[in-house]
Every structure is written in structure tokens, then in C-alpha cells.
Amino acid sequence: GSKGVVLGLSGGVDSSVVLKLAYNSGTDVYALILPEESVTRMDDVRDAEDLAKNLGVKYSIIQINPILESIEKNFPWNKFSAERKQISWGNVKARIRMVLNYLVSNIDNRIVLGTGNKTEILLGYTTKYGDNAVDIQPIGDLYKTQVKQLAEYLKIPKGIIEKEPSAGLWKGQTDEGELGASYEEIDKILFYLIDKKFSAGEISYKVGVDSELIKKISEMVEKNRHKRMVPRITRLFD
36 GSKGVVLGLS
46 GGVDSSVVLK
56 LAYNSGTDVY
66 ALILPEESVT
76 RMDDVRDAED
86 LAKNLGVKYS
96 IIQINPILES
106 IEKNFPWNKF
116 SAERKQISWG
126 NVKARIRMVL
136 NYLVSNIDNR
146 IVLGTGNKTE
156 ILLGYTTKYG
166 DNAVDIQPIG
176 DLYKTQVKQL
186 AEYLKIPKGI
196 IEKEPSAGLW
206 KGQTDEGELG
216 ASYEEIDKIL
226 FYLIDKKFSA
236 GEISYKVGVD
246 SELIKKISEM
256 VEKNRHKRMV
266 PRITRLFD
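Heads up: the sequence shown begins at 36 in the numbering used here, then just goes up one per residue.
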């Protein structure tokens with residue numbers, strides 16, 4: 036059996052809820068706070084550390100900059116187009132954090148808890164083999180708006196609940212800015228699209244959102260289906 040659990044604690048509402056759920060269960064919890072200097076918001080680091088301290092949870096703060104600098108220095112950038120560097124580099128950061136989570140998992144016999152919600156998972160708004168590489172997704176069946184409601188019930192600090200969501204992959208990045216809509220709108224669309232199996236026309240009438248946004252959300256769900264699947268196996272025999 037495992038000794039306990041480990042999770043990445045960002046200072047956002049999702050990871051704060053997962054931390055509190057793990058703590059409430061009586062499980063031995065280790066939190067990793069993994070900021071990037073000049074990119075991670077300092078209030079996120081402070082909120083994460085304060086929450087861990089207040090719960091009496093073991094934690095470590097590890098700056099990921101030295102790891103990033105080593106990759107930046109040694110990767111042959113000149114052999115590739117710079118067009119997709121920002122998103123690719125952002126994914127590197129998520130994967131570095133995954134590596135550190137699993138280092139603690141291996142060295143201390145812990146299960147890695149994911150902090151992804153249903154909205155992110157359905158949209159594919161995750162890094163493949165990064166933040167979606169976990170052992171358990173405790174809030175994976177809750178939409179983002181539901182996670183915020185649970186956070187209020189769990190008495191997560193108001194400042195964490197109300198802050199603008201961000202994956203923190205580059206300076207100034209916000210979830211809703213990147214997605215092009217609020218989580219309230221997106222969650223309503225996903226609920227009627229996935230849970231209720233409504234058509235685009237029915238969703239537009241029911242929710243009162245633009246049909247183009249419904250189309251965009253639907254396309255994201257389909258395009259990123261691969262992120263929700265296990266790797267395909269090449270079959271040699273029928």
C-alpha cells in the first residue's frame with residue numbers, strides 16, 4: 036500500500052479543493068508548490084503556502100527555473116520553427132511539474148492526485164503527460180463552476196475562490212482569456228452538450244449563447260479526445 040498522496044498545489048481553487056479533500060479524508064498529504072520566477076503570481080505562492088501551513092500539511096517549494104534554464108540552453112531551437120514555441124514551452128513547464136510530482140511519488144511511496152476538473156478534461160485544456168498524468172482525479176467529474184461551489188462549502192479562503200483562473204504557463208495568461216469565454220458559459224454548454232446530449236440549436240436556445248461559441252467548444256471536445264484516451268496499441272493479430 037501507499038504511504039499517502041502527493042499533489043501540485045498552485046494556489047488556485049482546483050488544487051486547493053483537492054488538498055482540502057485529501058486532508059479531510061485523513062490521508063497523509065504532501066504538497067508541492069512549484070512556481071516559476073517572473074511568471075507565477077506571487078499571491079498564488081503565498082496562498083498555496085498559507086493553506087498548507089494552516090492545514091498542517093507537509094509541503095516543499097521548488098522553483099522550476101533552473102530546470103527550465105537547462106532545457107532552454109541545451110535544446111536545438113534553431114532546428115525548429117518558432118511558431119509554436121510558446122505553447123510548446125508552456126507544456127514543458129507542466130511536464131516538469133509532473134516529473135517532480137512523480138519523483139516524490141516514487142521516492143516516498145505516494146499516489147499522485149490530479150487537480151483537473153471536468154471542464155478542463157472535456158475541453159482538453161490540459162498538457163498531455165503533464166498535469167493530466169496522475170493516478171486519481173478527485174474533482175474530474177465536477178465542472179469548474181461546481182468546484183467553486185465545493186470550495187465555498189469546504190471554506191477555502193475567499194481570495195483563492197475569487198481569483199482569476201490561470202494555468203500559469205506564461206506571464207499574463209488566464210484560462211478565460213485563452214478559452215475566449217467565461218467558465219459559466221462554457222460549463223452550461225458542456226452540460227447540455229455532453230450530459231444532456233442537446234443539439235447546438237437546442238443549446239443556443241436553452242443557454243442563450245452565440246452558436247459560434249457552441250461550435251468552438253464542441254470542436255475542442257472532439258479535437259482533444261486523444262487526451263482522454265489511453266495510447267493505442269498496434270494489433271498484430273485479430
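Note that the Cβ used here is the ideal one computed from N, Cα and C, for glycine as well.
| Asked | Found |
| --- | --- |
| The beta strand (DSSP E) enclosing Ala-66, as first and last residue numbers | 64-68 |
| Three-pair Cβ contact test at 8 Å for the stretch 151-165 versus the stretch 56-63 | no |
| Buried versus exposed call for Leu-54 [16 or more other C-beta atoms within 10 Å across all chains shown] | buried |
| Neighbourhood of Leu-177 by C-beta, 7 Å cutoff - its chain only, sequence neighbours within 5 removed | Asn-152, Lys-153 and Leu-185 |
| Rounded C-alpha distance that separates Leu-230 from Asn-113 | Position check: residue 230 holds Asp in this sequence, whereas Leu was assumed. Each residue's Cα considered, the two are about 46 Å apart. |
| DSSP three-state assignment for Tyr-94, whether helix, strand or coil | strand |
| Within 8 Å, strictly: CB atoms of Asn-100 and Glu-118 | no |
| Simplified DSSP state of Leu-225, which is helix, strand or coil | helix |
| Val-242, enclosing alpha helix (DSSP H) - first and last residue | 235-242 |
| Within the stretch 80-145, ranges of the alpha helix (DSSP H) (whole runs, at least 4 residues) | 100-109 and 120-143 |
| Counted within 10 angstroms of its Cβ, other Cβ atoms place Met-133 as buried (16 or more) or exposed | buried |
| Backbone CA spacing between Val-169 and Asn-141 [nearest angstrom] | 13 Å |
| Beta-bridge partners of Ile-171, as assigned by DSSP | Leu-148 |
| C-beta atoms of Gly-36 and Ile-195 nearer than 8 Å | no |
| Neighbour-count burial assignment, Ile-238, 16 or more Cβ in a 10 Å radius | buried |
| Environment of Thr-161 [buried if 16+ CB atoms lie within 10 Å] | buried |
| Three-way DSSP call (helix, strand, coil) for Gly-40 in this model | This sequence places Val at residue 40; Gly is not what is there. Strand at Val-40. |
| Supposed contact pair Val-64 and Val-92 - C-beta distance, whole angstroms, cut 8 Å | 5 Å |
| Opening and closing residue of the alpha helix (DSSP H) in which Thr-180 lies | 179-188 |
| Close-in-space but distant-in-sequence residues of the same chain around Met-264 (CB under 6 Å, 5 per side omitted) | none |
| CA-to-CA distance, Ser-234 to Ile-106, given in whole angstroms | 46 Å |
| Pairwise C-alpha distance: Tyr-240 and Lys-216 | Per the sequence shown, residue 216 should be read as Ala rather than Lys. Answer to the nearest angstrom: the Cα atoms are 18 Å apart. |
| Given 8 Å, three or more beta-carbon pairs between the stretch 76-91 and the stretch 119-128 | no |
| Proximal residues to Arg-81 (C-beta, below 8 Å), its chain only, five neighbours per side dropped | Gly-46 |
| Neighbourhood of Asn-144 by C-beta, 6 Å cutoff - its chain only, sequence neighbours within 5 removed | Ser-37 and Lys-38 |
| Reduced DSSP category for Ser-73 - H, G, I as helix; E, B as strand; rest coil | coil |
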